[in-house]
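Engineer: Just add 6 to wherever you are in the sequence shown, counting from 1, and you've got our numbering. By construction, the Cβ of each residue, glycine as well, lies at the ideal position given by its N, Cα and C atoms. Handing you a structure now.
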Amino acid sequence: SSGINAEYGHVEAYWQYHKIVGDEVGDELMTPEQFEAYKNTVVPERMKNRLYVSWRVGDDGLDCELIGPETMCYCQHRYRQHETDNADKKTSCRNCSCKRYEFCPKNGTQPVRCKCKHYSTEHDARKTCTRCACKALMLTFTCPSCGKPAHQHSTSIETKEERLALGNEFYSQCRISTNHRP
7 SSGINAEYGH VEAYWQYHKI VGDEVGDELM TPEQFEAYKN TVVPERMKNR LYVSWRVGDD
67 GLDCELIGPE TMCYCQHRYR QHETDNADKK TSCRNCSCKR YEFCPKNGTQ PVRCKCKHYS
127 TEHDARKTCT RCACKALMLT FTCPSCGKPA HQHSTSIETK EERLALGNEF YSQCRISTNH
187 RP
């Protein structure tokens, strides 16, 4: 029993490390001392500059999806792979030319389709189709949260202050989209 607990402790430590550090330092792991220093310096700054990202209809509408670290962007990289630790709300991707995180809805586990019949994943970061002459992604998907067409939605990126000023909840732990539904 104690062997299982010790093994679980290592797994828990790995997940905590990955959750806090993510892809920021590359493939080389920090020492325990470096990790503690990172937690004491970077995490408080990250919380101060935290961005609240959601997918909704209009700027003052109901949040249909709350974006979490594993949620996919149209560029096919996750939110955690975008720059998010800044006060100016810039969310460019660290892995491609994507300039701003934009939520990519899914229908269950499948990407949604454009009017051109190709999947959203077959469109580039500028939303131009890579399989046909379609110049603008127009989703043929109805939001399961509000019942409105997906093309009426947009990705909202707010600071805590902006969110509170609009009367929206400030959330720290709640329903976060992972783009995975049963």
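How about the stretch 17–35 and the stretch 122–131: do they share at least three Cβ pairs that are nearer than 8 Å?
Structural biologist: no
Engineer: Using DSSP bridges, identify the partner residues of residue 128.
Structural biologist: According to the DSSP secondary-structure assignment, residue 128 is paired through a beta bridge with no residue.
Engineer: Could you check what DSSP says for residue 37 in three-state terms: helix, strand or coil?
Structural biologist: Residue state, collapsed to three classes: coil.
Engineer: Is the stretch 47–58 close to the stretch 159–170, with three or more CB pairs under 8 Å?
Structural biologist: Contact holds: three or more Cβ-Cβ distances are below 8 Å.
Engineer: Which term fits residue 150, buried or exposed, when burial requires 16 or more other beta carbons within 10 angstroms of its beta carbon?
Structural biologist: It counts as exposed.
Engineer: Per the contact definition of three or more C-beta pairs closer than 8 Å, is the stretch 130–146 in contact with the stretch 35–51?
Structural biologist: no
Engineer: On the three-state DSSP scale, how would you describe residue 113?
Structural biologist: strand
Engineer: Between the stretch 70–87 and the stretch 106–119, can you find at least three pairs of beta-carbon atoms closer than 8 Å?
Structural biologist: yes
Engineer: Can you name, in chain order, every residue of its own chain whose Cβ lies under 7 Å from the Cβ of residue 92, other than the five neighbours on each side?
Structural biologist: 55
Engineer: Taking buried to mean at least 16 other C-beta atoms within 10 Å of its own C-beta, is residue 180 buried or exposed?
Structural biologist: Residue placement at residue 180 is flagged as unreliable, the pLDDT there being 40, under the threshold of 50; the coordinate-derived value follows with that caveat. So residue 180 ends up on the exposed side.
Engineer: By DSSP, does residue 118 sit in helix, in strand, or in coil?
Structural biologist: coil
Engineer: Could you please give me the residues that DSSP links to residue 99 through a beta bridge?
Structural biologist: 88
Engineer: How about residue 2 and residue 99: are their beta carbons less than 8 Å apart?
Structural biologist: Because the chain here runs from 7 to 188, residue 2 falls outside it and cannot be looked at.
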